[in-house]
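Residue numbers (this note's numbering), protein chains in the order written: chain A, 42 to 454; chain B, 42 to 454. Remarks on the structure that follows.
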């Protein structure tokens with residue numbers, strides 16, 4: 042079953058508002074076994090809306106339309122549908138009487154713009170005439186068309202509770218069976234990954250996709266087809282091969298977050314973490330504490346931007362700061378030791394570096410970063426050269442620190 | 042000048058990745074005076090890509106295409122363009138020799154998939170053959186077509202540095218004149234704001250829009266029309282009235298970030314900041330240090346998730362923690378004092394609260410937050426009840442703390 046998604050609104054084509062509803066609908070439909078071959082966003086222009094709708098009807102089995110159903114002058118979807126499909130608008134009596142009862146209770150004028158909400162193209166079948174959420178379906182030339190509001194919360198509710206069940210009932214059995222897994226990978230280039238995966242010679246019905254999502258690469262393994270052609274065993278076998286090949290370069294799947302993965306490892310091993318940050322300025326701690334329940338394994342730490350605080354709170358020696366500079370392996374190590382002691386943690390992370398745009402030198406250009414990880418016996422330090430603007434350098438630094446901790450915890454278990 | 046935007050990628054039509062580049066391009070183009078009448082998103086299917094491109098060419102002056110330019114097997118834009126526009130692909134020698142030099146230095150195989158990047162449709166004019174960012178322009182049937190990568194950071198860079206200047210040079214004078222300003226407002230409901238703005242009775246050619254962008258509301262003031270109809274004086278006058286009406290409820294305009302605004306105020310007044318965080322877990326410090334040059338006014342601070350660290354690093358008294366609990370006005374105040382002393386700052390912020398989803402009680406439900414701001418003479422504490430999930434509570438808490446500091450600094454100056 043093929044579908045198209047059409048989003049309507051000048052606020053979308055002028056870029057004032059980011060269209061999130063089409064992507065949401067696409068994900069829900071894809072996971073339910075449908076294929077979306079195009080999504081369009083059209084301004085509030087009836088002619089263009091009509092053209093897009095007619096084009097979609099000729100080439101797909103169903104269409105999802107969002108936006109333009111409200112009561113203000115720039116809500117033009119019903120007018121466009123009426124003209125394009127030659128279906129005059131007429132009042133839905135149930136909706137009209139509900140609006141009039143509401144207006145009466147408010148003592149508003151009788152010819153309120155709200156009455157516009159009751160005028161629908163001929164053949165429209167409203168989802169919930171008694172509810173406050175607009176929306177209806179229409180079958181035209183054997184194509185099922187759903188019209189929903191553009192407000193994300195309303196659209197999402199209708200999508201789950203009304204559209205997906207009705208679509209499933211309409212032409213049951215004609216959906217594709219879908220198996221999909223996303224592997225999240227850090228510290229590996231897309232092209233190298235591509236070459237490694239190609240060497241596996243996976244079966245032809247397994248599709249592979251690579252999607253950079255800074256600083257990660259997402260690897261998608263997909264099998265999709267008619268129910269009798271699709272084999273869960275072949276899919277699982279392909280996934281096993283990928284996992285075996287990439288090993289710990291994969292940090293998680295689907296909705297995993299690196300901070301969540303690290304948190305689980307810490308919790309499983311009953312270890313407490315402390316963090317001392319300079320160039321990441323709180324970002325490592327913020328990522329750790331974005332996870333519910335992180336107080337079970339995160340004690341806290343220090344953000345020591347000034348050298349004085351590195352000495353005072355973390356006990357970094359003045360001599361080391363003078364001799365090696367704040368951005369050095371020695372200071373990273375001293376910071377990790379300092380916060381380990383200070384917090385009484387079992388393991389600690391520290392960061393020091395130059396996030397830029399200022400502060401670089403020929404010796405230590407912007408992007409120079411030292412990360413340390415200490416426990417009660419050892420301390421490992423890595424040095425990195427990152428590129429990009431300040432925010433990218435901070436992001437990849439925090440991500441690298443979390444990944445360093447992940448590899449340490451895997452090694453330990 | 043009319044344009045269309047086409048985004049390409051199965052990751053978009055399957056809803057795996059939210060398309061943010063089309064909305065970004067739309068906003069940039071709208072502000073530069075162009076009108077986008079449709080945006081499409083197409084999967085990695087050469088036939089559909091070609092159809093969308095041909096349709097756009099017949100009805101607009103320029104087309105922006107993003108995605109599908111990479112070196113992996115699912116990057117099919119050049120193949121689709123080649124077929125649809127009947128322009129065979131041929132190697133761009135400059136790009137090819139750069140790739141070969143790179144491969145040679147890496148000692149990779151000669152028939153590397155990277156060479157694919159050099160094969161472009163006939164007539165393609167690459168933006169920067171020497172750079173790592175792909176992209177080119179093509180003029181077909183008097184329509185100017187720009188091809189850019191789908192990676193948001195690369196696309197944004199090309200949009201500003203290459204596409205907009207070239208578009209402006211191509212058919213100068215046929216753009217609409219646009220004046221737009223966005224006011225960023227925190228701590229005010231959209232409906233109340235709407236009522237206040239209506240009372241101003243602004244001229245009819247000034248359009249007003251309200252856009253929630255959690256936790257802010259953005260207020261857009263827009264004037265757009267042919268050059269001789271648009272009056273900058275009337276636009277500026279409307280803006281002045283809005284500013285006068287809303288006063289310090291506006292924290293910035295257009296691209297201002299609250300942390301940037303606060304940073305400027307601190308720098309102007311030569312004040313140094315320290316931060317002590319519990320429920321925000323590093324987010325306040327992270328937002329402050331995301332701003333270049335923040336080391337001029339940010340000393341650092343502590344993330345004290347455990348009660349022990351609140352005592353040890355910040356000197357919060359054990360008795361207060363026992364008597365009032367960690368989430369209390371008294372502990373917020375003690376944390377702010379503690380970090381002020383510890384860091385030697387002129388002013389400090391602290392946060393303590395319950396971000397959830399666990400940890401709430403009938404007395405102190407999830408969303409209960411105390412924030413304190415201390416200087417050498419005084420300390421103010423506010424208590425808040427926020428709602429939403431953990432991440433929303435952390436976001437609005439950090440935002441409220443920064444805004445508290447902003448109002449304090451405005452008051453002081």
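Beta carbons are placed, not taken as given, at the ideal position from N, Cα and C, and that holds for glycine.
Beta carbon proximity, residue i to chain A, threshold 9 Å
i	result
residue 343 of chain B	yes
residue 183 of chain B	no
residue 105 of chain B	no
residue 393 of chain B	no
residue 326 of chain B	yes
residue 229 of chain B	no
residue 266 of chain B	no
residue 118 of chain B	no
DSSP three-state assignment for residue i, whether helix, strand or coil
i	result
residue 145 of chain B	helix
residue 47 of chain A	strand
residue 310 of chain A	coil
residue 357 of chain B	coil
residue 42 of chain B	coil
residue 183 of chain A	coil
residue 438 of chain B	helix
residue 417 of chain B	coil
residue 190 of chain A	coil
residue 196 of chain B	helix
residue 62 of chain A	helix
residue 347 of chain B	coil
residue 156 of chain B	helix
residue 286 of chain A	helix
residue 217 of chain A	coil
residue 67 of chain A	helix
Interface flag, residue i vs chain B, CB-CB below 9 Å
i	result
residue 178 of chain A	no
residue 70 of chain A	yes
residue 352 of chain A	no
residue 52 of chain A	yes
residue 254 of chain A	yes
residue 443 of chain A	no
residue 397 of chain A	yes
residue 316 of chain A	yes
residue 33 of chain A	No information on residue 33 of chain A is available, as it lies outside the stretch 42 to 454 that chain A covers here.
residue 371 of chain A	no
Residue i classed as buried or exposed, judged by whether at least 16 other C-beta atoms fall within 10 angstroms
i	result
residue 384 of chain B	buried
residue 180 of chain B	exposed
residue 444 of chain B	buried
residue 44 of chain A	buried
residue 233 of chain A	exposed
residue 335 of chain A	buried
residue 142 of chain B	exposed
residue 268 of chain B	exposed
residue 392 of chain B	buried
residue 99 of chain A	exposed
residue 225 of chain B	buried
residue 20 of chain A	This structure cannot speak to residue 20 of chain A, because chain A is shown only from 42 to 454.
residue 248 of chain B	exposed
Per-residue contacts from residue i into chain A (C-beta, under 8 Å)
i	result
residue 406 of chain B	Result: empty, since nearest Cβ-Cβ is about 16 Å, beyond 8 Å.
residue 429 of chain B	Those do not exist, as residue 429 of chain B stays about 13 Å from chain A at its closest Cβ, beyond 8 Å.
residue 346 of chain B	330, 335, 336, 339, 340, 341
residue 250 of chain B	52, 57
Distance between beta carbons of residue j and residue i, contact taken as under 8 Å
i	j	result
residue 399 of chain B	residue 333 of chain A	7 Å
residue 342 of chain B	residue 344 of chain A	5 Å
residue 223 of chain A	residue 259 of chain A	5 Å
residue 357 of chain A	residue 409 of chain A	In fact, because the Cβ distance is near 18 Å, the residues do not count as touching under 8 Å.
8 Å Cβ cut-off: residues of chain B touching residue i
i	result
residue 65 of chain A	56
Contact list for residue i against chain A, beta-carbon separation under 7 Å
i	result
residue 60 of chain B	64
residue 384 of chain B	350
residue 164 of chain B	What residue 164 of chain B touches in chain A: nothing, since even the nearest Cβ is about 26 Å away.
Chain B contact residues for residue i, given Cβ-Cβ distances below 7 Å
i	result
residue 143 of chain A	The premise fails here: residue 143 of chain A is roughly 18 Å from chain B at the closest Cβ pair, so nothing lies under 7 Å.
Chain B contact residues for residue i, given Cβ-Cβ distances below 9 Å
i	result
residue 78 of chain A	54, 83, 84, 86, 89
residue 235 of chain A	112, 113, 114, 154
Listed by chain order, chain A residues near residue i by CB distance under 9 Å
i	result
residue 192 of chain B	253, 255
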